[in-house]
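Colleague: Our numbering applies: residue 133 is where the sequence shown begins, and numbers increase by one.
Glycine residues also receive a C-beta, built at the ideal position from the N, C-alpha and C atoms.
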Amino acid sequence: MPSSTYARYERSGDGIDCGIPLPAAWRIADKLGCSIDLVVGRADIDAPKLEGIQSRYDTLSFDGRALVDTYLSYVEFSESAAHFQGRRAPW
Numbered sequence: 133m134p135s136s137t138y139a140r141y142e143r144s145g146d147g148i149d150c151g152i153p154l155p156a157a158w159r160i161a162d163k164l165g166c167s168i169d170l171v172v173g174r175a176d177i178d179a180p181k182l183e184g185i186q187s188r189y190d191t192l193s194f195d196g197r198a199l200v201d202t203y204l205s206y207v208e209f210s211e212s213a214a215h216f217q218g219r220r221a222p223w
């Protein structure tokens, strides 16, 4: 694919107005190793992969969970104290 054609696709709109022919979008996606949705602007390439905290917490040992619970209590207490004193928490 000529670089000028690819550059035109880069300057075009997102989604249905992107102007990229479907076969070209598939070739670009295959070359980049990504979803065609990313190529045509239906998905945000910069969106972080969010992983729920609960699933991570559930994999921890009893001691690991206790450590997380203790830290969470500390953060909650610190924010409550800061709010009570009319200031923001230091983080």
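Name the two residues that bound the continuous alpha helix (DSSP H) containing E211.
Modeller: F194 to F216 is the extent of the alpha helix (DSSP H) around E211.
Colleague: What three-state label does DSSP hand S187 in the structure shown?
Modeller: Three-state DSSP puts S187 in a helix.
Colleague: Start and end of the alpha helix (DSSP H) containing R159?
Modeller: Taken as a continuous stretch (DSSP letters only), the alpha helix (DSSP H) holding R159 covers L154 to L164.
Colleague: Got a sec, what are the start and stop residues for the alpha helix (DSSP H) V171 sits in?
Modeller: Per DSSP, V171 belongs to the alpha helix (DSSP H) from I168 to V171.
Colleague: Under a Cβ-count criterion, where at least 16 other Cβ atoms within 10 Å of its own Cβ denotes burial, should V172 be classed as buried or exposed?
Modeller: The residue in question, V172, is buried, as its Cβ has 16 or more Cβ neighbours within 10 Å.
Colleague: P153 to Q186, Cα distance in whole Å?
Modeller: Roughly 42 angstroms separates the two Cα atoms.
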